[in-house]
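Q: Sharing a structure with you now.
In the working numbering, the protein residues as written are 211 to 399.
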């Protein structure tokens, strides 16, 4: 490698995976505004999961993005300015529990079915549907575990696959809502 190329690589910002837990008002259009903000900044969202929380008026978005630290800081500042955003916390992998769900339909004829089922057991996954020539497997875990399962099942023949976005919670007894939230304007709902 030439010295010029090596120097240019050293000057590039280091890209890191970041997991953001974002509490938002449970209102129409919030997801579009937040995704649009990432898009306008040129970030590709690796994973996005949205769902209700223990408070019906609040939803939690778990956003995984691969970017440099400095631009992410700018995006989180802009996210905080959005009226429907109540709180943003970056979850470190070692300080949080992170899981994804995978459903995968694999060819499993009479010859290969026992080997497919052994693999499913090895990965602590479970069979959720059986057909004459295929099985559908459900697995949960971190991205590395699910990627490994996919690699091991590929030689049998993957007929169909769907993977959820990551969901994550901080470890320990504290909740993201234990700390102050911006008040939700209930009159506007």
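We treat Cβ as the ideally placed atom computed from N, Cα and C, and that holds for glycine.
#1: What is the rounded straight-line gap between the Cα of residue 253 and the Cα of residue 320?
#2: Do you know how far the Cα of residue 377 is from the Cα of residue 259?
#3: Using DSSP's beta-bridge definition, name the partner residues of residue 377.
#4: Whole beta strand (DSSP E) runs in the region 266-336 with 3 or more residues, listed along the chain?
#5: Looking only at C-alpha atoms, which of 382, 381, 373 sits nearest to residue 257?
#6: Have a look at residue 249 and residue 278 and give me their C-alpha separation to the nearest angstrom.
#7: If you draw a straight line from the C-alpha of residue 323 to the C-alpha of residue 317, how long is it?
#8: Taking three-plus beta-carbon pairs below 8 Å as touching, is the region 223-239 in contact with the region 285-296?
#9: Answer with buried or exposed for residue 230, where buried requires no fewer than 16 other C-beta atoms within 10 angstroms of its C-beta.
#10: Closest by CA to residue 345, which one among 271, 251, 267, 368?
#11: Decide if residue 291 is buried, meaning its Cβ has at least 16 other Cβ atoms within 10 Å, or exposed.
#12: According to the neighbour-count rule (16 or more other Cβ atoms, all chains shown, within 10 Å of its Cβ), is residue 332 buried or exposed?
A: The short version:
#1: Locating residue 253 in the chain shown gives position 43, counting from the first residue. Locating residue 320 in the chain shown gives position 110, counting from the first residue. Counting only the Cα atoms, residue 320 lies some 46 Å from residue 253.
#2: Within the chain shown, residue 259 is the residue found at index 49, counting from 1. Within the chain shown, residue 377 is the residue found at index 167, counting from 1. Going from the Cα of residue 259 to the Cα of residue 377 covers about 6 Å.
#3: For the purposes of this step, residue 377 is taken as the residue at position 167 of the chain shown. Paired residues: 309.
#4: Segments of the beta strand (DSSP E) lying fully in the region 266-336: 268-277, 295-301, 306-317.
#5: Numbered from its first residue, the chain shown carries residue 257 at position 47. Distances from the alpha-carbon of residue 257 to those of 382, 381, 373 put 373 closest.
#6: Taking the first residue of the chain shown as position 1, residue 249 is located at position 39. Taking the first residue of the chain shown as position 1, residue 278 is located at position 68. Near 15 Å, if we compare the C-alpha coordinates of residue 278 and residue 249.
#7: Within the chain shown, numbered from 1, the residue matching residue 323 stands at position 113. Within the chain shown, numbered from 1, the residue matching residue 317 stands at position 107. Straight-line measurement puts the Cα of residue 317 at about 8 Å from the Cα of residue 323.
#8: A contact between stretches requires three or more CB pairs, one per stretch, nearer than 8 Å, and the region 223-239 meets this requirement with the region 285-296.
#9: Numbered from its first residue, the chain shown carries residue 230 at position 20. Around the beta carbon of residue 230, 16 or more other beta carbons lie within 10 angstroms, which makes this residue buried.
#10: Reading the chain shown from its first residue, position 135 is the one you call residue 345. Selected option, being the one with the closest Cα: 368.
#11: Taking the first residue of the chain shown as 1, we reach residue 291 at position 81. It counts as exposed.
#12: Translated into positions along the chain shown, residue 332 becomes position 122. The C-beta of residue 332 has fewer than 16 other C-beta atoms within 10 Å across all chains shown, which makes the residue exposed.
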